[in-house]
DNA sequence: GTGGTCTAGACCACA
DNA sequence: GTGGTCTAGACCACG
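Protein chains in written order, with UniProt numbering: chain Z, 1 to 137; chain H, 1 to 137; chain A, 1 to 137; chain S, 1 to 137.
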């Protein structure tokens, strides 16, 4: 799995890394039960400090995406976090804002819906093979 | 128009204000040509620092949403910023991340599409009356 | 409020600080809405690094005990975290262990119950004056 | 006796094992004079490192819960450690903290007392048969 | 002046 | 070797 960090971005590095890992899980690049590189390894790979990686891992753990196993380090959780109210709020807030700007910039609704479908489909497809086994509702 | 600021949010106040104003324009609460409250007034209304309001207004001006006029203060632009490459990138990036998390939390695609449609529809409807004047396709 | 850190303890400093603050809130020394010292101030007061204080504050925030207000720093939350399943599990686990050792050491049940009552009473009493206003279930 | 280890817990494995054994003694699953599985056996049974088991056994010996015999391995001590100053301090400290959080989460005192009584009763009951021999008041 | 971020280096507990 | 902790110092965004 390749992780790209934009050092010029205003999004903090640890947050970019966090998002990359979430996208990696969704796209099937990182499978449940799989180990992530150690903080030191990952830090070296992408050229950042190990504490920054550590921060990402810990946030992901507190969100339920990762487990930190005392023996094998960071592992992708097999029970993804559930559909929480907090996330729904965040999602609605983000979409309210994003779609406002989208609307004002004259992008058509159908284009947005298509974009969403394409992205979601990408995740849904890659995960379908392991869906029965690991995803439960 | 009512603006709500969450002082405990991780989103900076100036950015919250910026988003609120964009949502206000999209929803028709703020109409093209309409003046916003003065920096001082707005700061007092929502209980924040004057410089913070100033920052929001300036960003919105640089983005093309507002005109700053010496006499009438901040005025909603009648020519919205167009569909820019930069915005499209930002939009795609945000959606890639948001939909990844949405997918992992087992929220269905159709729910997302419905949410998007509802939000967009809200903007589209309210703006339709003034659409003839300011929006061109 | 006086905070005592035992630098020899095997409990991490940030955890000792976290517990002190929780006890401070329970005992009424720290009232809802009240601001805590800034991370720098607190760090200086108790002679530790500011990052260590920061860690405590952030954990307490994620647990719902504190809010980090962009203007005034760390503030005691007025809505305490609710009775969560996670905490109940932790509580039961701790008590199972503690009482096992207590039992083996021949400490009588009634002594334990008295100790618990005394401690709880201490918290309950000090908080009673502000109970009506800030605590809700 | 079944020992459950949570490899993702923040409590070290050796400490989890130590607590399990103490709970086992208190609940009567492990009787005074009884031998524990050998270090190798125990390590294999619960899938952990041999040194980790060793560490737990050694701590329990130093606390007076076990005797380590060259021939029969680890044996539950017939003379439990007595009510020590050190333990009392630890107990009071833990309860001060735990009850603070309990109080803030609006758990009632009577619920706590009941929980304590239930747990203690579980130990007291199961141990009563062998009480005459090993426990003195 | 506030907290947030990032880097750095050191030591330790754990397995 | 792993992550956890603590310290330190620097810069930045925010208000």
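Cβ atoms here follow ideal geometry from the backbone N, Cα and C, with glycine treated the same way.
Since this is a predicted model, take the numbers as computed values, not measurements.
Residue 68 of chain Z at chain S interface by Cβ criterion, 8 Å: yes
Taking DSSP's pairing of strands, which residues face residue 11 of chain H in a bridge? BP columns for residue 11 of chain H are empty, so no partner.
Alpha carbon to alpha carbon, how far is residue 8 of chain S from residue 92 of chain A? Give it in angstroms, no decimals. 18 Å
Check this for me: beta carbons of residue 68 of chain H and residue 57 of chain H, under 8 Å apart or not? yes
Under the rule that 16 or more other beta-carbon atoms within 10 Å means buried, what is residue 106 of chain Z, buried or exposed? exposed
Stretch-stretch touch, CB-based, cutoff 8 Å, three pairs: the region 95 to 103 of chain A with the region 107 to 126 of chain S: yes
I want to check one thing, is the minimum distance from the CB of residue 30 of chain S to the heavy atoms of the ligand SAH below 7 Å? As far as ligands go, the structure on display features none, and thus does not contain the ligand SAH.
Between the alpha carbons of residue 119 of chain S and residue 4 of chain S, how many angstroms are there, rounded? 18 Å
Using a Cβ cut-off of 9 Å, pull out every chain Z residue sitting near residue 15 of chain S, in sequence order please. None at all; the shortest Cβ gap to chain Z is about 11 Å.
Work out the CA separation of residue 15 of chain H and residue 137 of chain H for me, nearest whole Å. Here residue 137 of chain H scores only 39 on pLDDT, less than 50, and its place in the model should not be relied on; the value that follows carries that caveat. Those two C-alpha atoms are separated by around 29 Å.
Presumed contact (8 Å Cβ cut-off) between residue 39 of chain H and residue 50 of chain H, rounded CB distance: 6 Å
Have a look at the DSSP bridge pairing and note the partners of residue 67 of chain Z. Z/75
Can you give the Cα-Cα distance for residue 113 of chain Z and residue 108 of chain H, rounded to whole angstroms? 14 Å
Helix, strand or coil for residue 35 of chain S, going by three-state DSSP, please let me know. strand
Name the chain A residues that come within less than 8 Å of residue 22 of chain S, Cβ to Cβ? 97, 100, 101 and 104
For the region 21 to 45 of chain Z, list every residue whose C-beta sits within 9 Å of some C-beta in chain H, in sequence order. 22, 23, 24, 25, 26 and 27
Taking residue 82 of chain H as part of the alpha helix (DSSP H), name the residues at either end of that continuous run. Taken as a continuous stretch (DSSP letters only), residue 82 of chain H belongs to no alpha helix (DSSP H), as it is neither H nor E.
Using a Cβ-Cβ cut-off of less than 7 Å, give me the residues of the region 109 to 123 of chain Z that come near chain H, in sequence order. 109, 112, 113, 115, 116, 117, 119, 120 and 123
Going along chain H, which residues have a C-beta under 7 Å from residue 71 of chain A? 7
When we look at the beta-carbon of residue 20 of chain S and count the other beta-carbons within 10 Å, is it buried (16 or more) or exposed? buried
Check whether chain Z comes within 8 Å of residue 48 of chain H, counting only Cβ atoms and requiring the distance to be less than that. no
Would you mind giving the Cβ-Cβ distance between residue 37 of chain S and residue 63 of chain S, rounded to the nearest angstrom? I have them listed as a contact below 8 Å. Rounded, the Cβ-Cβ distance is 19 Å, inconsistent with contact.
Roughly how many angstroms separate the alpha carbons of residue 41 of chain S and residue 35 of chain A, rounded to a whole number? 54 Å
Would you please state the rounded distance, in angstroms, between the beta carbons of residue 23 of chain H and residue 65 of chain Z? I believe it to be under 8 Å. Rounded, the Cβ-Cβ distance is 30 Å, inconsistent with contact.
Cross-chain neighbours of residue 12 of chain H in chain Z, by beta carbon under 7 Å: By Cβ distance, chain Z contributes nothing, its closest Cβ being about 11 Å from residue 12 of chain H, past 7 Å.
Could you tell me which chain A residues have their CB closer than 7 Å to the CB of residue 91 of chain S, listed as they occur along the chain? 98 and 102
Which chain Z residues are close to residue 3 of chain H, counting only those with a beta carbon under 7 Å from its beta carbon? Under the 7 Å cutoff, chain Z gives no residues; its nearest Cβ is about 13 Å from residue 3 of chain H.
When you compare each of A/18, A/95, A/110 and A/117 to residue 158 of chain S by their alpha carbons, which one comes out closest? Absent from the model: residue 158 of chain S. The displayed extent of chain S is 1 to 137, so no value can be given.
Residue 19 of chain H versus chain Z: which residues are under 7 Å apart at the beta carbon? 97
Residue 57 of chain H by DSSP, collapsed to three states: which one? helix
Rounded to whole angstroms, what is the Cα-Cα separation between residue 84 of chain H and residue 90 of chain H? 10 Å
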